[in-house]
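Under the UniProt record's numbering, the first residue of the sequence shown is numbered 9, with each subsequent residue one higher. A virtual CB, placed ideally from N, CA and C, is assigned to each residue, including glycine. Since the model is a prediction, treat every value here as computed from it, not as a measurement. See below for the structure under consideration.
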Amino acid sequence: VSELKAKIQEGNLTLELLEQLRVEFLGKSGKLTQLMPLIKTLPADEKPSFGKWINDAKVEMESLIQTEKNELLKKELELQLSKESIDVSAPGYEFKTGTLHPLSLIVEDLEDYFIGQGFNVAEGPELEQDLYNFEMMNLGVGHPAREMHDSFYITETELMRTHTSPVQARYMLKSEGKPIAIISPGKTYRRDPDDATHSHQFMQCEGLVIGKDINFAHLKETLLQMARHLFGPDREIRLRPSYFPFTEPSVEVDVMFTKKDGSKRWIEVLGAGMVHPEVLRMGGYDAKEVSGFAFGIGVERIAMLKYNIDDIRNFYTNDLRFLSQFKGE
Ligand code: FA5
9 VSELKAKIQE GNLTLELLEQ LRVEFLGKSG KLTQLMPLIK TLPADEKPSF GKWINDAKVE
69 MESLIQTEKN ELLKKELELQ LSKESIDVSA PGYEFKTGTL HPLSLIVEDL EDYFIGQGFN
129 VAEGPELEQD LYNFEMMNLG VGHPAREMHD SFYITETELM RTHTSPVQAR YMLKSEGKPI
189 AIISPGKTYR RDPDDATHSH QFMQCEGLVI GKDINFAHLK ETLLQMARHL FGPDREIRLR
249 PSYFPFTEPS VEVDVMFTKK DGSKRWIEVL GAGMVHPEVL RMGGYDAKEV SGFAFGIGVE
309 RIAMLKYNID DIRNFYTNDL RFLSQFKGE
């Protein structure tokens with residue numbers, strides 16, 4: 009007992025060293041344990057006192073070790089607590105959050121704006137059937153305007169949609185002759201070589217309005233108000249005659265931009281027109297009863313103009329230095 013006491017008092021114990029001491033004295037072949045068999049060699053009248061002596065020693069040693077163990081555990085806990093104390097004056101961590109992609113910002117803005125005008129938002133598949141992408145848009149097999157939409161065919165009859173216009177056809181069939189006012193933003197695909205203003209995958213936002221007495225003035229005013237919402241209240245637009253097989257008459261719309269050096273120029277942002285009677289008919293509408301207009305906006309174009317971006321590839325190369333500039337927009 010005194011030997012153990014001395015060793016504990018030497019100090020510098022750790023929990024591990026203490027355990028070694030326990031084994032050394034009380035373990036299976038420990039110093040005290042080894043004394044136990046001696047009891048057999050003693051005369052019967054000495055056995056009880058020897059047994060008591062051994063037992064007392066064991067109890068005392070165990071208590072010494074337990075006390076020391078509690079001390080060590082307490083010290084360890086205190087050390088840990090002192091290390092882990094909270095320094096309320098330490099500078100905080102910067103939590104890095106993502107940001108919406110500029111194209112998502114434009115799409116959300118268009119959705120908010122048109123929902124406010126009473127439009128619904130419709131969706132259609134990106135892997136589209138030839139039927140909706142071309143035929144129901146009045147571009148039959150062999151139609152030369154199909155060339156304008158060099159496409160990625162996946163099977164004989166399915167392709168990656170070349171524009172968002174097939175959503176027009178799908179929505180007309182679903183609406184069964186009822187009036188329509190929708191926009192439909194989404195991804196589109198064409199076999200255009202990538203350059204500063206073209207991408208093989210880009211976004212469009214379709215618009216379609218069908219009802220009684222819808223006329224060209226409705227289309228013009230809708231586009232003018234949208235341009236002013238997007239680019240400011242004084243913004244001028246210009247409608248140029250154009251051709252699309254699914255609209256008649258057709259126009260392309262330019263928006264006036266003032267460059268940094270003060271010079272002005274028109275920039276094309278969308279195609280539009282009055283829905284072609286054939287398209288109405290195929291969609292289940294009577295062209296003598298109703299009329300409609302449609303438009304297809306190039307979303308990247310809008311984003312490039314709004315945020316002054318001169319290369320469309322910036323949207324698709326995931327450079328955080330570019331993307332992080334749209335925080336808080
Ligand atoms: C169309 O795709 C018609 N569906 C638009 C339309 C809808 C007309 C409804 C009438 C009624 P166009 O091929 O011009 O039209 O494309 C429309 C816009 O998409 C273009 O003004 C341009 O901004 C954008 N666009 C076309 N090709 C690309 C491309 N490769 N990369 C980026 N933007 C493109």
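State whether the segment 222-229 contacts the segment 201-213, with contact taken as three or more CB pairs (one from each stretch) at a distance under 8 Å. no
Count Cβ pairs between the segment 156-170 and the segment 197-205 that sit closer than 8 Å; are there 3 or more? yes
With 16 other Cβ atoms within 10 Å as the buried cut-off, status of residue 19: Along the sequence shown, read from residue 1 onward, the residue named residue 19 stands at position 11. With fewer than 16 other Cβ atoms within 10 Å, it is exposed.
Locate the alpha helix (DSSP H) running through residue 214, then write down its first and last residues. The sequence position of residue 214 within the sequence shown is 206, counting from 1. First-last for residue 214: 209-219, but that is the beta strand (DSSP E), not the alpha helix (DSSP H).
Nearest-angstrom Cβ-Cβ length linking residue 14 and residue 40, presumed shorter than 8 Å: Taking the sequence shown and counting its residues from 1, one reaches residue 14 at position 6. Taking the sequence shown and counting its residues from 1, one reaches residue 40 at position 32. The pair is not a contact, with the Cβ atoms about 15 Å apart (cut-off 8 Å).
Exposed or buried, what is residue 284 when buried is set at 16 or more other beta-carbons lying within 10 Å of its beta-carbon? Along the sequence shown, read from residue 1 onward, the residue named residue 284 stands at position 276. It is buried - the Cβ of residue 284 has at least 16 other Cβ atoms within 10 Å.
Take residue 253 and list the residues in its own chain whose beta-carbon comes closer than 8 Å to its own, dropping the five residues that flank it on each side. Counted from its first residue, the sequence shown places residue 253 at position 245. Within the same chain, residue 253 has close Cβ partners 145, 146, 147, 151, 153, 284.
Since I believe residue 265 is in contact with residue 280 (beta carbons under 8 Å), could you give me their beta-carbon distance rounded to a whole number of angstroms? As a first step, residue 280 is located in the sequence shown; it is residue number 272 there, counting from the start. As a first step, residue 265 is located in the sequence shown; it is residue number 257 there, counting from the start. Not confirmed; about 19 Å, so no contact.
Hey, is the segment 201-208 in contact with the segment 303-322, meaning 3+ C-beta pairs nearer than 8 Å? yes
With distances taken Cα to Cα, identify the nearest neighbour of residue 337 among 158, 231, 184, 110. To locate residue 337, count along the sequence shown from 1; it is residue 329. Looking at the Cα atoms, 110 is the closest of the given residues.
Within a Cβ cutoff of 7 Å, which residues of the same chain sit near residue 251, ignoring the five residues on either side of it in sequence? Taking the sequence shown and counting its residues from 1, the one referred to as residue 251 is at position 243. Closer than 7 Å at the Cβ level, and outside the excluded window around residue 251, lie 258.
Going along the chain, which residues of its own chain have a beta-carbon closer than 7 Å to the beta-carbon of residue 305, five neighbours each way excluded? Walking along the sequence shown from the start, residue 305 turns up at place 297. These residues qualify, in order along the chain: 212, 213, 277, 278.
C-beta contact flag for residue 174 and residue 140 at 7 Å: Here residue 174 refers to the residue found at position 166 of the sequence shown. Here residue 140 refers to the residue found at position 132 of the sequence shown. Cβ atoms of residue 174 and residue 140: closer than 7 Å.
Please report the residue range of the beta strand (DSSP E) in which residue 230 lies. For the purposes of this step, residue 230 is taken as the residue at position 222 of the sequence shown. That residue, residue 230, is in no beta strand (DSSP E); its alpha helix (DSSP H) goes 224-239.
Looking only at its chain, what residues have a beta carbon closer than 7 Å to the beta carbon of residue 248, apart from the 5 residues adjacent to it on each side? Translated into positions along the sequence shown, residue 248 becomes position 240. Around residue 248: 259, 260, 262.
The segment 285-302 contacting the segment 172-190, beta-carbon criterion three pairs below 8 Å: yes
Just to check, is the beta-carbon of residue 294 closer than 6 Å to a non-hydrogen atom of the ligand FA5? For the purposes of this step, residue 294 is identified with residue 286 of the sequence shown, where counting begins at 1. Incorrect: residue 294 has no Cβ contact closer than 6 Å to the ligand FA5.
Cβ-based neighbour list, residue 246, same chain, cut-off 6 Å, excluding 5 preceding and 5 following: Here residue 246 refers to the residue found at position 238 of the sequence shown. These residues qualify, in order along the chain: 262, 274.
Residue 115 versus 325, 58, 238, 316, residue with shortest Cα-Cα distance: In the sequence shown, counting from the first residue as 1, residue 115 sits at position 107. Taking only the C-alpha atoms, the option nearest residue 115 is 238.
Put residue 322 into one of helix, strand or coil per three-state DSSP. Reading the sequence shown from its first residue, position 314 is the one you call residue 322. Residue 322: helix per DSSP, three-state reduction.
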